[in-house]
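Participant: My structure is below; once you've seen it, I'll send some questions.
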Amino acid sequence: MNLPEDFVFSQGNLQDYVDCPRRFELKYLRRQRWPAAEVDDMAAFERHLEQGDQFHRLVQQSLLGLPEETLRSRINDDEVARWYDAWLANGLAEVPAQRWPELTLTARLGKWLLLAKMDLVAIEPGGAALVLDWKTGRHQPRPERQAQRLQTRVYRYVLAEAGARLNGGEAIDQTRIEMRYWYAQHEGDVLRFPYDEDQYKADGRFLRDLAREIDSCEVFPLTEEVRRCRFCVYRSLCDRGEQPGSLAEWEGDEDMALPTDALDIDALDEIAF
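Below is the structure:
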């Protein structure tokens, strides 16, 4: 068996396994450090990450009720200001008033925990139960691709499994659940992914099978999609090249996700049940 009983699954590490089992092994099991750049222009890459972090903090603080003038005074980037203006204009359109920003929920996944850290959960008593995620990347993926991302599957499943504490102790009916992605660089365009019982059951089977597969895996193969290796810090360790791919190529690929989309378990300071 590969996994300790206290291992915590997340959409981030599960997506890493689906994308490249070898990367999962190196990153989460071996904890391998490897000094390499993800992209050719790391300065621009890191600036975009900082912009995304600042935007997420602004939204969280706004949802917590901080004064608007205080939040405005903290913005030092014109692009972040545009994103924030767009979010104020339509980021909460048709969103129920009961809201939990930056909420962490966990559910059982066999012997392990499955954790989801959500930008916002909003619930209407007896009505919609929404998971919202703010995206600051330049690329807006096709809906059919985003529907299969582990974030979409994990977040809806975890809310169905663990959302009772937000709903007066009653489990949330799967048909009430919807995942929404809000795209800051696309003037607040939204992708919506409703849920139902069949999807919930399929996700449960898929996630449990995936966890068991990881635990019993004897050899973690490298991805057959070699293009992914251009943006992986382990590429030279795996003899998949030394030079990183371009930032423009990264941003234009719907299958590539910025690291902010992947939860870093080491960075968690608490797990909410």
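Sequence positions in the sequence shown follow numbering that gives the first Met the number 0 and run 0 to 272. The beta carbon of each residue, even a glycine, is placed where N, CA and C say it ideally should be. From a predicted model like this one, the values you see are computed outputs, not experimental measurements.
Rounded to whole angstroms, how far is the Cβ of Leu2 from the Cβ of Trp111, which I believe are closer than 8 Å?
Facilitator: So it is a contact: roughly 7 Å between Cβ atoms.
Participant: Compare the C-alpha of Trp82 against each of Met117, Asp188, Leu65, Ala121 and name the closest.
Facilitator: Out of Met117, Asp188, Leu65, Ala121, Asp188 has the C-alpha closest to the C-alpha of Trp82.
Participant: Could you check whether the segment 64-82 touches the segment 98-115, counting it as contact only if at least three pairs of C-beta atoms, one from each stretch, sit closer than 8 Å?
Facilitator: Counting Cβ pairs under 8 Å, fewer than three are found: no touch.
Participant: Run through DSSP, which three-state label would Gly168 get?
Facilitator: In the structure shown, Gly168 sits in coil (DSSP, three-state: anything other than H, G, I, E or B).
Participant: Would you kindly report the start and end of the unbroken beta strand (DSSP E) that includes Arg71?
Facilitator: No beta strand (DSSP E) contains Arg71, which is instead part of the alpha helix (DSSP H) from 67-72.
Participant: Does DSSP classify Lys200 as helix, strand or coil?
Facilitator: Lys200 falls in the helix class under three-state DSSP.
Participant: Please report the residue range of the beta strand (DSSP E) in which Thr103 lies.
Facilitator: Thr103 -> beta strand (DSSP E) spans 97-108.
Participant: In three-state terms, what does DSSP make of Leu131?
Facilitator: Three-state result, Leu131: strand.
Participant: Indicate whether the contact test is met: 3 or more Cβ pairs, each with one atom in the segment 16-23 and one in the segment 52-66, closer than 8 Å.
Facilitator: No contact exists between the segment 16-23 and the segment 52-66.
Participant: May I ask which residues mark the beginning and end of the beta strand (DSSP E) holding Trp181?
Facilitator: Its beta strand (DSSP E) spans residues 176-182.
Participant: Could you tell me whether the segment 205-213 touches the segment 157-170, using the rule of 3 or more Cβ pairs below 8 Å?
Facilitator: The answer is no - the segment 157-170 does not touch the segment 205-213, with fewer than three Cβ pairs under 8 Å.
Participant: Using the Cβ count rule (16 or more neighbours within 10 Å means buried), how would you classify Gly51?
Facilitator: The residue is buried, with at least 16 neighbouring Cβ atoms inside 10 Å.
Participant: Taking the alpha carbon of Leu104 as the reference point, which residue from Arg191, Val157, Ala127 has its own alpha carbon closest?
Facilitator: Leu104 has its Cα closest to that of Val157, out of Arg191, Val157, Ala127.
Participant: Measure the CB-CB distance between Glu123 and Arg155 and report whether it falls below 9 Å.
Facilitator: No. Outside cutoff.
Participant: Tell whether a beta-carbon distance below 9 Å holds between Ala96 and Thr135.
Facilitator: For Ala96 and Thr135, no; Cβs fall outside 9 Å.
Participant: Distance check for Asp84 and Leu57, CA to CA, integer angstroms please.
Facilitator: If you take the alpha carbons of Leu57 and Asp84, they lie about 11 Å apart.
Participant: I'd like the list of long-range same chain contacts for Ala43, defined as Cβ closer than 7 Å, with 5 residues on each side in sequence excluded.
Facilitator: Result list for Ala43: Leu246, in chain order.
Participant: Buried or exposed for Pro220, going by 16 or more other Cβ atoms inside 10 Å?
Facilitator: Classification of Pro220: exposed, given that the 10 Å Cβ count is below 16.
Participant: Helix, strand or coil, according to DSSP, for Asp15 in the structure here?
Facilitator: Note: Asp15 maps to helix in three-state DSSP.
Participant: Going by other Cβ atoms of all chains shown within 10 Å of its Cβ, with 16 needed for buried, is Gln294 buried or exposed?
Facilitator: This structure cannot settle anything about residue 294, because the visible part of the chain is limited to 0 through 272.
Participant: Run the CB neighbour count on Ala271, radius 10 Å, all protein chains shown included, and call it buried at 16 or more, exposed below.
Facilitator: Its pLDDT being 38, under 50, Ala271 is placed unreliably by the model, and the measurement read from it follows with that caveat. Per the 10 Å Cβ criterion, exposed.
Participant: Check the C-beta distance from Trp181 over to Gly90 and give it rounded, since I have them as a contact under 8 Å.
Facilitator: Confirmed, about 6 Å.
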